[in-house]
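Asks: Sharing a structure, written as structure tokens. Questions coming.
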Ligand code: CP
């Protein structure tokens, strides 16, 4: 098992670049949004903004030339997996994709600790998505290389929350003073767990709109209560949409239900249509981490307030920033 002290030693003894020891991010794991200071967040968003400008000006550059990323996904993904690949390649690095673990030695019974210990021999950073809450924190104890949580069961999805917050900043210019309404599966949706935690660092009001059986878990509500953030629970979106600056819609996570009949009862609980958007403010952002099933009608896609495809693109800039930071190059 690799202790924090050993990780520290490894960081300091492999220094092919200039002043990376000065970076507070160098060699760090990204496990939960709770690990970031306010200063960290500002820095990540500044670097992400710079990455956006660089991509728009020159497309790709060699900041991470010679660096390797292992994309280790035990659950399906389109955006997180592809955007980490795009981020690494736009920075001049390379990727070993293990997107279908059934074709890896995991199918022979290899443990998560052994898998990450093996990959660290080849790569400089590991991105991990896993169905069990706490898997990234566990894996991080077994590798000296930085490991990034790309979603751990119903736990957290910290890089998604960072990109969600970056989207709010890029779309609306600020976070303080906003009313953010989280809609849908707040029980199993790990993106809303991370996002609510991150938002509670700002002066926001949070609305939770969900069916009774999919409410925000008590442990998160209690945590957010401690920050003093106002929170309100609703079952009806129409009563709060007109006051919302951000409406963040989530998919009901079918794969997390033990009883399929329970899923069927709540699957179509909220559907955002052009009619729903008539109730929303003129200046607001409609967000969704994607994939969507039926929660937002495709007829809403051309509404300028529909930010979900831009949100996905912002994810690449945030992940470029995170990779550069943990590899000591920003
Ligand atoms: N938002 C998100 O995590 O999407 P994927 O499951 O496609 O990675």
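Residue numbers (my numbering): 1022 to 1351. Ideal Cβ placement from N, Cα and C applies to all residues, glycine included. None of these values were measured; they are calculated from a predicted model.
(1) Please specify which runs of the alpha helix (DSSP H), each continuous and at least 4 residues long, are wholly inside the stretch 1085 to 1173, giving them in chain order.
(2) Mapping the DSSP letters down to three states, classify residue 1203 as helix, strand or coil.
(3) Just list the residues that DSSP pairs residue 1226 with in beta bridges.
(4) Decide yes or no for the touch test of the stretch 1089 to 1107 against the stretch 1149 to 1160: beta carbon pairs closer than 8 Å, at least 3 of them.
(5) In the DSSP output, which residue or residues are listed as bridge partners for residue 1255?
(6) Given that a residue counts as buried once 16 or more other Cβ atoms are within 10 Å of its Cβ, and exposed if not, what is residue 1173?
(7) Would you kindly work out how many angstroms separate the C-alpha atoms of residue 1237 and residue 1061, rounded to a whole number?
(8) Compute the minimum distance between the beta carbon of residue 1215 and the heavy atoms of the ligand CP, and state whether it is under 7 Å.
(9) Would you identify the three-state DSSP class for residue 1288, choosing helix, strand or coil?
(10) Taking the alpha-carbon of residue 1233 as reference, which of 1225, 1221, 1194, 1273 has the nearest alpha-carbon?
(11) Would you grab the beta carbon distance between residue 1219 and residue 1182 for me? Rounded to a whole angstrom, and I think it's under 8 Å.
(12) Out of curiosity, what's the CA-to-CA distance linking residue 1207 and residue 1179?
(13) Could you check the C-alpha separation between residue 1114 and residue 1297 for me, to the nearest Å?
(14) Alpha carbons only, please: which of 1257, 1145, 1053, 1250 is nearest the one belonging to residue 1175?
(15) Between which two residues does the alpha helix (DSSP H) containing residue 1343 stretch?
(16) Could you tell me which residues DSSP pairs with residue 1307 in its beta bridges?
(17) Let me know if residue 1063 comes out buried or exposed under the rule of 16 or more other beta-carbons within 10 Å of its beta-carbon.
(18) Going by C-alpha to C-alpha distance, which of 1323, 1314, 1290 sits closest to residue 1306?
(19) Looking only at C-alpha atoms, which of 1186, 1277, 1199 sits nearest to residue 1332?
(20) Could you name the residues that DSSP lists as bridge partners for residue 1051?
Replies: Looking at the atomic coordinates:
(1) 1100 to 1111, 1133 to 1140, 1156 to 1161
(2) Residue 1203: strand per DSSP, three-state reduction.
(3) 1200
(4) yes
(5) 1230
(6) Of the residues assessed, residue 1173 falls on the buried side of the cut-off, its CB having 16 or more other CB atoms within 10 angstroms.
(7) 26 Å
(8) no
(9) coil
(10) 1273
(11) 5 Å
(12) 16 Å
(13) 44 Å
(14) 1053
(15) Residues 1329 to 1347.
(16) DSSP, once it has assigned bridges, lists 1268, 1327 as partnering residue 1307.
(17) exposed
(18) 1323
(19) 1186
(20) 1169
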